[in-house]
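Structure, as C-alpha cells:
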Amino acid sequence: MKIFQVEGTLVATARITQLENNRLLVLREKSGSRSVAVDPIGCKKGDWVIAVGSSAAKDAAGSSKYPSDLTIVGIIDYWDADEPGEVAT
Amino acid sequence: MKIFQVEGTLVATARITQLENNRLLVLREKSGSRSVAVDPIGCKKGDWVIAVGSSAAKDAAGSSKYPSDLTIVGIIDYWDADEPGEVAT
Amino acid sequence: MKIFQVEGTLVATARITQLENNRLLVLREKSGSRSVAVDPIGCKKGDWVIAVGSSAAKDAAGSSKYPSDLTIVGIIDYWDADEPGEVAT
Amino acid sequence: MKIFQVEGTLVATARITQLENNRLLVLREKSGSRSVAVDPIGCKKGDWVIAVGSSAAKDAAGSSKYPSDLTIVGIIDYWDADEPGEVAT
Amino acid sequence: MKIFQVEGTLVATARITQLENNRLLVLREKSGSRSVAVDPIGCKKGDWVIAVGSSAAKDAAGSSKYPSDLTIVGIIDYWDADEPGEVAT
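Protein chains in written order, with this note's numbering: chain A, 263 to 351; chain B, 263 to 351; chain C, 263 to 351; chain D, 263 to 351; chain E, 263 to 351.
This is how it looks when you write it as C-alpha cells:
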C-alpha cells in the first residue's frame, strides 16, 4: 500500500457503467504525483490515507469485478517514523 | 487510476485477434510519457480522462479475457485541486 | 499498453518448460529502457509495436497459465500525435 | 520481491473491514521511498525484510481475497552482494 | 520480462511457510536497482537472466498460489542489440 493525501473530488459524468456512482478522489503522493482512487470509507480533503493497488483494489472496492486499480483502505491516525511525521496524532 | 489527456488514435492493422476492432488511443500523462489505452466510451482528442490499469483493465474493457492493461473508464468534467486545475468545468 | 521498438531476438536455451519455444524479443522504450516480450505476431527488427503487460500478457500469449508479463499485441502503422511522429505511415 | 527496512507501525483505525486487525508496517526502500505492508511474520523496527507485491501479496497475507498489494514474506539474515552489504549476519 | 544479472543468494530463515525452501536470488538491473527472485532453474552468480513479474511469476514458480512476484524463467545465451552487448555468447 502507499501513503497519500486526499486532494479533492473528481467528477466524471461520462463513465463506464461498471464504475457505478462510487466517489472518486484525487490523491497526491509526497512526491507530488497524482492518482485517482475509489473511496469506500468516506474521506475528507486533507486526510492522509493508505490505498491498495494491483488486483487487490478490486476486492477492496467491494467486488472482484469492480474496475479499480487503486482503492482507499484506511485513514491514517499516525505512524512512528524516524523523522517527525507529516501526520500528527 | 491515472489522469491522462487523449492525444490521438493509434492504428495497428496487424494485431492479435483477441484485440478485436476496438479503438486504441494514445494517452499522455502530465509528465509527458505516453501510453496506449482501449476506449470503450468514445473520447475525443484533447479530452482529459481517467484510465484503469492492472487486471481491472480487462474487466473494464468488457471481458476478463480481453488483453488490455489500460482502459479508459471516464471523461473528467473537473476536479477540485489545490492549484487552479488544468481541467476547467 | 506501451509503445516499443523491436531491437532484436533474445536467445535463452536454459528456460522453464512453460515458456515453450516461443520467440522472445528485446524491446526498447523511447526512454531507452529495455524489456523482453513474447511475440505471437512475427515482428521484425525495427518495427514499432504495442505490448501489453500485467496479467493480460498471459492471455495475449495464448493461455491464462503462460508465464509472460509482456506480450506484443500489434504492429503500429501510425499514430496521430501532436509532434510529427517517430512512426511514419 | 523487494528489499525493505522496517521503519515502524502505522495506525489506521478507520479501515475497510476486509483489512481486519492485521498489523501494518511502514517500510522504506534504499531509495528512501515508503510503502505500507501487511506483516504476517512479526518484524521489529530496523529489520531488513523482503516483501512481495502484485496479486501474490494477497495469498501471502493468507487469503486470495485479502486486500494487500505488499506483504512481508521473510526477514533477511544476510545476502552475499558484491559490495559489503548493509545487512550483516 | 526484464533483464537482470544474478548478484548472489539471499538467506531468510524466518519466512512464511508458503515460500517453502526455494532458493532466493538477489538480481541487479542495469540501472543498479536490486530485486529478489525465485530461481526454479539453478543460476550461478554473474549469470544474465530474464525474470517474469506480475501474476505470471506465480505460475512460473510452479503454482498459481505461490507467493512470488518475480521468478527467473531463463538464462540468457545472447541477444542481438544495436550496441555491442553486455552479454557475450
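From the three backbone atoms N, C-alpha and C, an ideal C-beta is built for every residue, glycine too. Computed from a prediction, not measured in an experiment: that's the story for all the values here.
Secondary structure of residue i, DSSP reduced to three states
i, result
"D/A319", "helix"
"D/L286", "strand"
"D/L332", "coil"
"D/P346", "Confidence in D/P346 is poor, its pLDDT being 45 and thus under 50, which makes the residue's placement unreliable; the coordinate value appears in the next sentence. Reduced to three states, the DSSP call for D/P346 is coil."
"D/T351", "Residue placement at D/T351 cannot be trusted, given a pLDDT of 36 that sits under 50; the coordinates are not used to answer."
Bridge-paired residues (DSSP) for residue i
i, result
"D/K264", "D/A313"
"D/I338", "DSSP lists no partner for D/I338."
"A/L272", "A/L286 and B/W341"
"D/S297", "D/L289"
Closest by C-alpha distance to residue i, when choosing among the options
i, options, result
"E/D342", "C/A274, C/V314 and C/P302", "C/A274"
"E/V300", "E/F266, E/R277, E/N284 and E/I312", "E/N284"
"D/D309", "D/D339, D/L272 and D/T333", "D/D339"
"A/G324", "D/V268, D/L272, D/I278 and D/I303", "D/I278"
"A/V311", "D/E282, D/V311, D/A276 and D/P302", "D/A276"
"A/L272", "B/I303, B/L272, B/Q280 and B/M263", "B/M263"
"C/I303", "B/I303, B/L281 and B/P302", "B/L281"
Cβ distance (whole Å) where residue i is taken to contact residue j below 8 Å
i, j, result
"A/G270", "A/K307", "6 Å"
"D/I334", "D/C305", "6 Å"
Do the region 294-308 of chain B and the region 288-300 of chain A touch if we need at least three Cβ pairs shorter than 8 Å? Flag = no, the region 294-308 of chain B and the region 288-300 of chain A do not touch.
For the region 323-331 of chain A against the region 277-291 of chain B, do three or more pairs of beta-carbon atoms, one drawn from each stretch, fall closer than 8 Å, so that the two count as touching? No, the region 323-331 of chain A does not touch the region 277-291 of chain B.
So, do the region 315-323 of chain E and the region 304-318 of chain D have three or more beta carbon pairs nearer to each other than 8 Å? Taking 8 Å as the limit for Cβ pairs, the verdict is that the region 304-318 of chain D does touch the region 315-323 of chain E.
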